[in-house]
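K.L.:
Here you go, one structure.
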Amino acid sequence: MIYEFIATVTAGFGMAGIAMIIRHLTKLAGKQAPKWLIPIFAGIGMLGFQIHQEYHWQQQQIDRLPAQVKVVKTVEGQVWYRPWSYLKPQVIRFMAAESGKPVATDITSSTDDIRSTNIYLFERRISTKVIAQLVNCSQPAITSVTIAPPLSATNFQQLQWQPLAADDDLLQAVCQ
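Residue numbers (UniProt numbering): 1 to 176.
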C-alpha cells in the first residue's frame with residue numbers, strides 16, 4: 001500500500017511538471033497559462049492513477065498467483081463516490097481456488113472423490129483470506145475443514161456438506 005501511495009504522489013508530481021512545461025511554453029509564445037493549471041494537472045494525475053489501479057488490481061493479483069490456482073468467481077460493483085464505476089463496473093472482490101488434493105481416509109471407497117483445497121478471498125486493500133475446504137467431487141458438495149485428516153467414519157459423519165451445482169466453477173477448478 002505504501003508503494004501505491006508513493007506512485008500516486010509521483011503521478012501528481014509528473015502531471016504538475018507537464019503543467020509547468022505548458023506554462024513556460026505559453027509564456028514564450030506571448031501569453032502565459034494560469035497558475036491554477038499546476039494543481040489541476042497534479043490532481044488529474046493522482047485521480048487518474050487511482051482510477052487505473054481500481055480497474056487493474058485484480059489482474060495484478062492474478063498474475064502473482066501460482067499456476068494451480070484458478071479464479072472461480074468475481075464480484076463487480078458500483079459506488080456513488082466513484083461515478084466512473086457506473087460507466088464500467090469495477091471488480092470489488094474475487095475468489096480463487098487451488099486444484100484439489102486427495103484426502104487421506106480410512107473409510108470406504110465412497111470418499112475416494114473428496115479433495116482438500118484452499119480457497120483464497122481477495123478484496124481491494126484488504127488482506128487475503130485463506131479458507132481450507134473439502135470438496136466432494138462425485139456428489140457435488142463442499143464443507144469447511146474442521147477435522148484434521150485422515151478422516152475416520154465418525155469424523156466423516158460429523159461434516160456438514162453444502163450442495164454445489166454440477167457446473168459450479170469452484171467444483172471444476174478443484175476436481176479437474
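Here a beta-carbon is modelled for each residue, glycine too, at the ideal position from N, C-alpha and C. Quick caveat: nothing in here was measured; it's all calculated off a predicted structure.
1. Give the range of the beta strand (DSSP E) segment to which Tyr-86 is assigned.
2. Check each candidate in Leu-47, Pro-66, Gln-53, Ala-67 and name the one with the smallest Cα separation from Gln-90.
3. Three or more beta-carbon pairs under 8 Å between the stretch 26-37 and the stretch 62-80, yes or no?
4. Let me check understanding here. Comparing Cα to Cα, which of Gly-48, Glu-4, Ile-21, Arg-115 lies closest to Lys-35?
5. Can you tell me the Cβ-Cβ gap for Val-130 and Phe-94, rounded? I've got them flagged as a contact below 8 Å.
6. Phe-13: buried (16+ other C-beta within 10 angstroms of its C-beta) or exposed?
7. Starting from the C-beta of Tyr-86, find all residues in its chain whose C-beta is less than 6 Å away, skip the five residues before and the five after it, and write them out in chain order.
8. Please work out which residues of its chain come closer than 6 Å, Cβ to Cβ, to Trp-161, disregarding the five sequence neighbours upstream and downstream, and give them in chain order.
9. Is Ala-174 near Arg-115, with beta carbons less than 9 Å apart?
10. Can you tell me whether Pro-66 is helix, strand or coil according to DSSP?
P.N.:
Looking at the coordinates:
1. As a first step, residue 86 must be located in the sequence shown, where it is residue number 86. Looking at the DSSP string, Tyr-86 is not in any beta strand (DSSP E), and its letter there is neither H nor E.
2. For this step, residue 90 is matched to residue 90 along the sequence shown. Measuring from the Cα of Gln-90, the nearest candidate turns out to be Gln-53.
3. no
4. Here residue 35 is taken as the residue at index 35 of the sequence shown, counted from 1. That would be Ile-21, whose Cα lies nearest to the Cα of Lys-35.
5. As a first step, residue 130 is located in the sequence shown; it is residue number 130 there, counting from the start. As a first step, residue 94 is located in the sequence shown; it is residue number 94 there, counting from the start. About 14 Å separates the two Cβ atoms, so there is no contact after all.
6. Stepping through the sequence shown from its first residue, residue 13 is reached at position 13. Classification of Phe-13: exposed, given that the 10 Å Cβ count is below 16.
7. One-based indexing of the sequence shown puts residue 86 at position 86. Once the five neighbours on either side are set aside, the close Cβ partners of Tyr-86 are Gln-78.
8. Translated into the one-based positions of the sequence shown, residue 161 becomes position 161. Non-local C-beta neighbours of Trp-161 in its own chain, meaning closer than 6 Å and more than five positions away in sequence, comprise Ala-141, Thr-143, ordered along the chain.
9. By 1-based counting over the sequence shown, the position of residue 174 is 174. By 1-based counting over the sequence shown, the position of residue 115 is 115. Strictly speaking, residue 174 in this sequence is Val, with Ala absent from that position. Result yes, Cβ atoms of Val-174 and Arg-115 sit closer than 9 Å.
10. Locating residue 66 in the sequence shown gives position 66, counting from the first residue. Reduced to three states, the DSSP call for Pro-66 is coil.
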